[in-house]
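Colleague: The opening position of the sequence shown corresponds to residue 11 in our numbering, with each subsequent residue numbered one higher. Let me begin by handing over the structure; questions about it come next.
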Amino acid sequence: MDPRREEVVPHGPADDAAAPSISPAPQTGIVPAGTPRMRQVHLDKRQRHRVLAGHCWVYRSELAKIDDGVADGDVVGVVDARGRAVGSGYYNARSQITVRLLTRTLDDLPADFWRQRLAAAIAYRQRVAPWPARRLVNSEADQLPGLTVDQYGDHLVVQANTLGIDRHLDAITSALIDELHPVSITARNDAAVRELEGLPREVRMLHGEAPGPITVAVGDVRLVCDLRDPHKTGLYLDQQASYRAVAAWVRPGMRVLDAFCHLGGFALHAARAGAAAVVAIDSAADSVAGARAAAVLNGLDGRIEVRQANAFDALKAMASAGECFDLIVLDPPTFTRNRDAVAGALRGYKEIHLRALHMLAPGGVLATFSCSHHVDAATFLGSLVDAAADAGALLRREQILAGSPDHPVLPAIPESEYLKGFVVTRIG
Ligand code: SAH
Numbered sequence: 011m012d013p014r015r016e017e018v019v020p021h022g023p024a025d026d027a028a029a030p031s032i033s034p035a036p037q038t039g040i041v042p043a044g045t046p047r048m049r050q051v052h053l054d055k056r057q058r059h060r061v062l063a064g065h066c067w068v069y070r071s072e073l074a075k076i077d078d079g080v081a082d083g084d085v086v087g088v089v090d091a092r093g094r095a096v097g098s099g100y101y102n103a104r105s106q107i108t109v110r111l112l113t114r115t116l117d118d119l120p121a122d123f124w125r126q127r128l129a130a131a132i133a134y135r136q137r138v139a140p141w142p143a144r145r146l147v148n149s150e151a152d153q154l155p156g157l158t159v160d161q162y163g164d165h166l167v168v169q170a171n172t173l174g175i176d177r178h179l180d181a182i183t184s185a186l187i188d189e190l191h192p193v194s195i196t197a198r199n200d201a202a203v204r205e206l207e208g209l210p211r212e213v214r215m216l217h218g219e220a221p222g223p224i225t226v227a228v229g230d231v232r233l234v235c236d237l238r239d240p241h242k243t244g245l246y247l248d249q250q251a252s253y254r255a256v257a258a259w260v261r262p263g264m265r266v267l268d269a270f271c272h273l274g275g276f277a278l279h280a281a282r283a284g285a286a287a288v289v290a291i292d293s294a295a296d297s298v299a300g301a302r303a304a305a306v307l308n309g310l311d312g313r314i315e316v317r318q319a320n321a322f323d324a325l326k327a328m329a330s331a332g333e334c335f336d337l338i339v340l341d342p343p344t345f346t347r348n349r350d351a352v353a354g355a356l357r358g359y360k361e362i363h364l365r366a367l368h369m370l371a372p373g374g375v376l377a378t379f380s381c382s383h384h385v386d387a388a389t390f391l392g393s394l395v396d397a398a399a400d401a402g403a404l405l406r407r408e409q410i411l412a413g414s415p416d417h418p419v420l421p422a423i424p425e426s427e428y429l430k431g432f433v434v435t436r437i438g
């Protein structure tokens with residue numbers, strides 16, 4: 011998941027190092043006498059287990075028994091209360107999510123396990139996201155929990171957020187080199203979650219030289235990103251498909267507002283589609299500098315004004331000043347890190363929706379996004395309807411948007427779905 015976005019909490023890893031002590035354990039769990047087998051953890055029979063319904067997480071509280079000798083980072087077999095195979099995955103007692111499943115058998119990981127999974131993830135992107143900047147591997151949604159791989163042209167950025175994945179970085183790196191022949195691979199292993207896994211936070215090269223700022227095509231524009239800058243997190247690749255979807259609503263001469271713009275992906279696409287004047291707002295100095303540079307790079311600086319401001323304050327001030335836009339994009343950071351924060355998040359969405367609706371011209375278009383996993387699409391739309399009622403506006407839903415297709419969603423793993431958006435027009 012992308013940086014501002016809610017992460018699928020990473021955890022446990024898988025372990026090749028355990029291999030010497032492991033012989034192929036039959037799926038039945040019956041082990042020939044004298045043959046060492048993969049150590050196992052046993053699900054508690056009194057609970058419902060999401061792993062039995064397609065999820066890949068096993069919480070510590072779901073385990074009734076853990077074999078002696080299981081060490082953090084090992085690949086373990088997971089069996090149900092009757093000893094039947096559930097799968098195998100990597101173990102980390104430090105994590106609440108103590109096992110993350112990698113396979114649905116009790117066999118050792120095949121020697122080419124990482125290569126196979128990576129090749130499948132890459133092949134899927136070739137089909138659904140055949141463009142130069144994209145997420146190649148999206149953790150649980152690619153059956154590689156804890157691993158993300160982003161591609162920026164010839165350069166790759168890997169995040170290993172769990173001990174189990176970290177242990178296999180060599181195998182993962184060589185498989186990526188064989189599959190894609192990248193010029194460089196940067197490990198952005200600086201996420202705070204690594205500390206919870208007992209791992210150091212670091213940025214280092216896994217292959218090639220540090221590339222410096224990279225110019226890459228994103229949608230229909232070019233953006234510059236610095237893959238090593240610890241303050242930056244690359245691009246929000248998950249919005250790439252929506253840039254074009256939203257730009258399709260632009261008519262020549264429109265006034266457009268892009269609130270929470272980061273590098274201005276929506277603003278740039280709107281200007282390119284013929285908007286006469288675009289205001290882009292972000293509170294972060296590096297986002298604002300990046301968006302201004304991107305406007306120049308794409309020859310659109312004459313029609314894009316980038317302002318550094320808290321969008322809540324700016325929207326309020328602009329609405330009070332009677333400003334008016336034909337298209338408004340709202341793409342804030344997540345307002346919820348956990349379920350308890352939902353009420354506050356809904357107040358935040360309602361506030362920005364209300365301000366935006368006050369500034370929306372009759373017939374105007376609002377594209378609004380939420381990347382809070384804990385706020386589902388219906389609840390999010392409900393907050394928009396509430397705001398519309400307060401603003402005396404009648405809305406028509408035009409389009410339902412989601413993350414770009416290189417950010418797949420597995421319905422069995424609700425955490426893999428976080429980004430949703432609606433395009434609405436004001437018809438009254
Ligand atoms: N629309 C962007 C992604 C937005 S991510 C894109 O397509 O790339 C959210 C952005 O909101 C970040 O760039 C962050 O710097 C900015 N942000 C966070 N809090 C903010 C606030 N209160 N006001 C304005 N910008 C804010």
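Glycine included, each C-beta is placed from N, C-alpha and C at the ideal position.
Quick test of your reading: W67 and I132, contact by CB under 8 angstroms. State the CB separation rounded to the nearest angstrom.
Modeller: Rounded, the Cβ-Cβ distance is 24 angstroms, inconsistent with contact.
Colleague: Have a look at the DSSP bridge pairing and note the partners of I199.
Modeller: Checking the sequence shown, residue 199 turns out to be Asn, not Ile. Note: N199 sits in a beta bridge opposite E212.
Colleague: For L420, which of helix, strand or coil comes out of DSSP?
Modeller: DSSP places L420 in coil when its eight states are reduced to three.
Colleague: For the beta strand (DSSP E) containing W67, list its first residue and its last residue.
Modeller: Segment W67 to Y69, the beta strand (DSSP E) holding W67.
Colleague: Here's a check: name, in chain order, each residue in its chain whose Cβ is nearer than 6 angstroms to the Cβ of T389, leaving out the five neighbours to either side.
Modeller: If we look at T389 and ignore the five residues flanking it on each side, it has no Cβ neighbours.
Colleague: Please enumerate, following chain order, all residues with a beta carbon closer than 5 angstroms to at least one heavy atom belonging to the ligand SAH.
Modeller: Taking each Cβ in turn, the ones that pass are R14, Y246, Q249, F270, H272, G275, D292, S293, A294, S297, N320, A321, D341 and P343.
Colleague: Closest to F322 by C-alpha separation, out of I182, D90, R125 and F270, would be which residue?
Modeller: Considering only alpha carbons, the answer is F270.
Colleague: Can you tell which of S293, G392, G79 and I314 has the C-alpha that lies nearest to the C-alpha of G284?
Modeller: Of the listed residues, the one whose Cα sits closest to G284 is I314.
Colleague: Exposed or buried, which one is I410 when buried takes at least 16 other CB atoms within 10 Å?
Modeller: By the neighbour-count rule (16 or more Cβ atoms within 10 Å), I410 is not buried but exposed.
Colleague: Quick one: any contact between the segment 118–128 and the segment 58–76, if contact means 3 or more CB pairs under 8 angstroms?
Modeller: No: the two stretches stay apart, fewer than three of their Cβ pairs being nearer than 8 angstroms.
Colleague: Can you tell me whether DSSP reads Y428 as helix, strand or coil?
Modeller: Coil.
Colleague: According to DSSP, is V385 part of a helix, a strand, or is it coil?
Modeller: Here V385 sits in coil by DSSP.
Colleague: Assign P418 to buried or exposed, taking buried as 16 or more other Cβ atoms, counted over all protein chains shown, within 10 Å of its Cβ.
Modeller: Flag for P418 reads buried.
Colleague: Start and end of the beta strand (DSSP E) containing D160?
Modeller: That run of the beta strand (DSSP E) goes L157 to Y162.
Colleague: Does the segment 217–236 touch the segment 248–260, meaning 3 or more C-beta pairs lie closer than 8 angstroms?
Modeller: Yes, the segment 248–260 touches the segment 217–236.
Colleague: Cα-Cα, which of R238, G431, L111 and E207 is closest to P221?
Modeller: Among R238, G431, L111 and E207, the Cα nearest to that of P221 belongs to R238.
Colleague: Look up Q409 in the DSSP assignment and say whether it is helix, strand or coil.
Modeller: Strand at Q409.
Colleague: Taking R439 as the reference, give the member of L307, A103 and H384 with the closest Cα.
Modeller: This structure does not reach residue 439, given that the chain is present from 11 up to 438, and the question cannot be answered.
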